[in-house]
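These notes are about the structure you will find just below.
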Amino acid sequence: MNFRSSVEIITEWDIVAARQLGRNEAKKAGFGTVDQARITTAISELARNIYLYAGKGKIEIERVSEGGAFGIKIIASDEGPGIPDLRKVMEDGFSTSGGLGAGMPGVKRLMDEFKVSSEPGVGTIITTKKWLH
Amino acid sequence: MPQEVGRQYKEIMKKYLESHSEEDLYVGQQFSRRFIEKEIAPEDVISIHKTALFELHPELRNEVWDSLDFLIEMMIHYGLTLREHQSLIQKQEAIQMEMNVATKVQDTLLKTKMPSVNGLDVGYISQPAKQMNGDYVYFLNHKHESGVAVADVIGKGIPAALCMSMIKFGMDGLSDENTSPRNVLGIINRIVEKGVDDSMFISMFYGKYNSEDTTFSYASAGHEPALHFDSRKDVFTELDAKGLLLGVKPDAEYEERSVVLHDGDFIAMMTDGVTETRTEEGFIDMHTIQNLLHDVKDKTAQQIAEYVYNHLASLQNYRLSDDFTIVIFKKEPEQV
Ligand SMILES: Nc1ncnc2c1ncn2[C@@H]1O[C@H](COP(=O)(O)OP(=O)(O)OP(=O)(O)O)[C@@H](O)[C@H]1O
Ligand SMILES: [Mg+2]
Numbered sequence: 001m002n003f004r005s006s007v008e009i010i011t012e013w014d015i016v017a018a019r020q021l022g023r024n025e026a027k028k029a030g031f032g033t034v035d036q037a038r039i040t041t042a043i044s045e046l047a048r049n050i051y052l053y054a055g056k057g058k059i060e061i062e063r064v065s066e067g068g069a070f071g072i073k074i075i076a077s078d079e080g081p082g083i084p085d086l087r088k089v090m091e092d093g094f095s096t097s098g099g100l101g102a103g104m105p106g107v108k109r110l111m112d113e114f115k116v117s118s119e120p121g122v123g124t125i126i127t128t129k130k131w132l133h
Numbered sequence: 001m002p003q004e005v006g007r008q009y010k011e012i013m014k015k016y017l018e019s020h021s022e023e024d025l026y027v028g029q030q031f032s033r034r035f036i037e038k039e040i041a042p043e044d045v046i047s048i049h050k051t052a053l054f055e056l057h058p059e060l061r062n063e064v065w066d067s068l069d070f071l072i073e074m075m076i077h078y079g080l081t082l083r084e085h086q087s088l089i090q091k092q093e094a095i096q097m098e099m100n101v102a103t104k105v106q107d108t109l110l111k112t113k114m115p116s117v118n119g120l121d122v123g124y125i126s127q128p129a130k131q132m133n134g135d136y137v138y139f140l141n142h143k144h145e146s147g148v149a150v151a152d153v154i155g156k157g158i159p160a161a162l163c164m165s166m167i168k169f170g171m172d173g174l175s176d177e178n179t180s181p182r183n184v185l186g187i188i189n190r191i192v193e194k195g196v197d198d199s200m201f202i203s204m205f206y207g208k209y210n211s212e213d214t215t216f217s218y219a220s221a222g223h224e225p226a227l228h229f230d231s232r233k234d235v236f237t238e239l240d241a242k243g244l245l246l247g248v249k250p251d252a253e254y255e256e257r258s259v260v261l262h263d264g265d266f267i268a269m270m271t272d273g274v275t276e277t278r279t280e281e282g283f284i285d286m287h288t289i290q291n292l293l294h295d296v297k298d299k300t301a302q303q304i305a306e307y308v309y310n311h312l313a314s315l316q317n318y319r320l321s322d323d324f325t326i327v328i329f330k331k332e333p334e335q336v
């Protein structure tokens with residue numbers, strides 16, 4: 001029943017496609033304008049990281065329900081180099097854009113749940129959810 | 001609660017749209033603090049605005065609503081930056097609290113007891129430039145002898161402070177027959193050489209007053225020379241002795257020298273935070289310090305130390321550029 005759709009990230013334009021898909025799905029799921037923008041921004045950051053650091057990968061978007069709560073789930077996966085120091089990456093102020101609030105800690109803030117697993121040489125999978133309140 | 005904030009926002013905006021008055025702007029601005037208090041993100045503020053506007057003026061053109069959606073999109077990163085800021089400030093507060101604890105631990109750990117031997121008046125002051133002190137004063141008392149180590153870890157702040165405990169425990173472990181200045185420096189040098197990484201150096205002056213023959217003997221590991229005030233001749237002499245910084249070479253040797261002290265004589269031992277006091281006109285020189293010491297030569301050892309400190313600190317507008325330490329050993333008539 002869970003509707004799932006995905007976008008392959010290969011070129012920079014695919015980031016835009018992933019955003020578009022995310023916004024449409026967020027809207028359909030019933031999120032307001034601000035949360036739509038937050039979900040889209042999170043997707044954008046994740047897709048951009050795939051494009052920049054892994055070369056290619058995939059963004060999947062799924063509507064989810066758990067114990068009466070409804071929301072949206074984003075899975076960003078790639079088979080790139082992996083993230084060597086996850087603890088550092090999740091620290092504020094670490095991203096290369098330096099103090100612009102974005103990056104992975106930003107994604108975590110924009111969403112309600114965030115999980116990352118990454119293995120050097122194997123790839124990275126980031127799963128993140130946002131619930132309708 | 002956001003609904004309540006939204007409702008109030010709408011009321012205030014409505015009034016303003018009717019009145020265009022400064023008063024309503026003032027009220028609005030006071031109200032905006034509520035957003036900050038309630039940690040309402042900038043993008044949510046715009047959303048609140050959009051909702052309020054729609055309720056008041058649903059007839060407005062679509063471009064207005066679309067542009068507000070566009071503005072919401074523009075504010076997402078602002079909102080993130082704001083929250084990152086808040087979390088960094090919290091982190092900083094936590095670090096500050098840890099620092100306060102660390103400073104207390106350092107104070108307790110490095111506690112030293114002022115000596116009391118007959119005929120010697122001792123005073124000192126040691127002030128850190130930042131929170132933790134990289135200068136160190138340690139007194140060693142043994143029967144009729146009073147020793148003092150004045151050390152300066154090259155570098156300031158926390159790394160320097162961590163180094164101190166090593167000196168302290170080295171000094172605590174000295175046996176009674178090893179307390180001649182050259183031996184003290186030799187032993188502490190070996191401890192430092194073994195225990196500290198290569199980038200860390202310590203300069204140290206060790207002086208010892210013997211109340212039986214009223215001599216002051218000393219050795220120096222690359223430290224600032226001390227000053228000896230000879231009250232009979234009314235002159236200052238620099239006391240320096242050859243020796244490498246601690247931690248450079250395991251088998252370094254330290255020269256030991258001595259002077260006899262007469263009543264009214266004193267020795268001033270200090271760190272480069274004193275001699276290299278920087279003022280707007282540049283570094284002060286030894287003469288400035290000698291003149292300051294001379295001004296108060298008849299005061300107690302503690303008064304002398306404090307006078308020099310107060311004077312040099314005020315020259316720097318009380319913002320010390322380096323840790324500041326001065327120790328005074330003053331020969332006074334013996335009590336019978
Ligand atoms: N999918 C990925 N594969 C490999 N490395 C990654 C991946 N995602 C992130 N990284 C690594 O983690 C670091 C931090 O990523 P993050 O998105 O937090 O910041 P950034 O991309 O450096 O800067 P910003 O996103 O703020 O412009 C990146 O610099 C990159 O080294
Ligand atoms: Mg990034």
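Protein chains in written order, with the working numbering: chain L, 1 to 133; chain U, 1 to 336. Backbone N, C-alpha and C fix where the C-beta goes; we use that ideal spot for every residue, glycine too. Since the model is a prediction, treat every value here as computed from it, not as a measurement.
Check                                                                                                                           : Outcome
Residue-chain proximity (Leu-88(U), chain L), Cβ-Cβ < 8 Å                                                                       : yes
Contacts that Arg-109(L) makes with chain U (C-beta to C-beta distance below 7 Å)                                               : Leu-80 and Arg-83
Tyr-51(L) beta carbon near ligand 3 (any heavy atom closer than 7 Å)                                                            : What this structure holds is ligand 1 and ligand 2, not ligand 3.
Residues that Asp-121(U) bridges to, as DSSP identifies them                                                                    : Lys-330(U)
Delimiting residues of the beta strand (DSSP E) encompassing Ser-87(U)                                                          : Per DSSP, Ser-87(U) belongs to no beta strand (DSSP E); it is in the alpha helix (DSSP H), 62-109.
Ile-72(L) vs Ala-17(L) beta-carbon contact at 8 Å                                                                               : no
Ile-284(U) vs Tyr-124(U) beta-carbon contact at 8 Å                                                                             : no
Identity of the residues DSSP links to Phe-283(U) by a beta bridge                                                              : Arg-278(U)
Distance cut-off 7 Å: Glu-60(L) Cβ against heavy atoms of ligand 2                                                              : no
Within 7 Å of chain U by C-beta, residues of the stretch 33-47 of chain L in sequence order                                     : Thr-33, Val-34, Ala-37, Arg-38 and Thr-41
Coarse secondary structure for His-142(U), derived from DSSP in three states                                                    : strand
Every unbroken beta strand (DSSP E) inside the stretch 244-279 of chain U [3 residues or more]                                  : 257-260 and 266-270
Chain-order list of residues whose beta-carbon lies under 6 Å from that of Asp-92(L) (same chain, five-residue window excluded) : Pro-105
Extent of the continuous beta strand (DSSP E) to which Asn-210(U) belongs                                                       : 202-210
Residues that DSSP places opposite Lys-130(U) in a beta bridge                                                                  : Its beta-bridge partners do not exist; DSSP assigns none.
Cβ neighbour criterion (16 or more within 10 Å) applied to Ala-69(L)                                                            : exposed
Buried versus exposed call for Val-122(L) [16 or more other C-beta atoms within 10 Å across all chains shown]                   : exposed
Proximal residues to Leu-315(U) (C-beta, below 8 Å), its chain only, five neighbours per side dropped                           : Thr-277, Thr-279 and Ile-284
Cross-chain neighbours of Ile-76(U) in chain L, by beta carbon under 7 Å                                                        : Ala-37, Arg-38 and Thr-41
heavy atom of ligand 2 below 7 Å from Gly-103(L) C-beta                                                                         : yes
Min CB distance Asp-112(L) to chain U below 8 Å                                                                                 : no
Cα-Cα separation between Tyr-26(U) and Asp-85(L), rounded to whole angstroms                                                    : 49 Å
Classification of Val-101(U) by the beta-carbon crowding that lies within 10 angstroms, buried from 16 upward                   : exposed
Cβ neighbours of Asp-14(L) in the same chain (closer than 8 Å, five flanking residues each side left out)                       : Val-7, Glu-8, Ala-47 and Tyr-51
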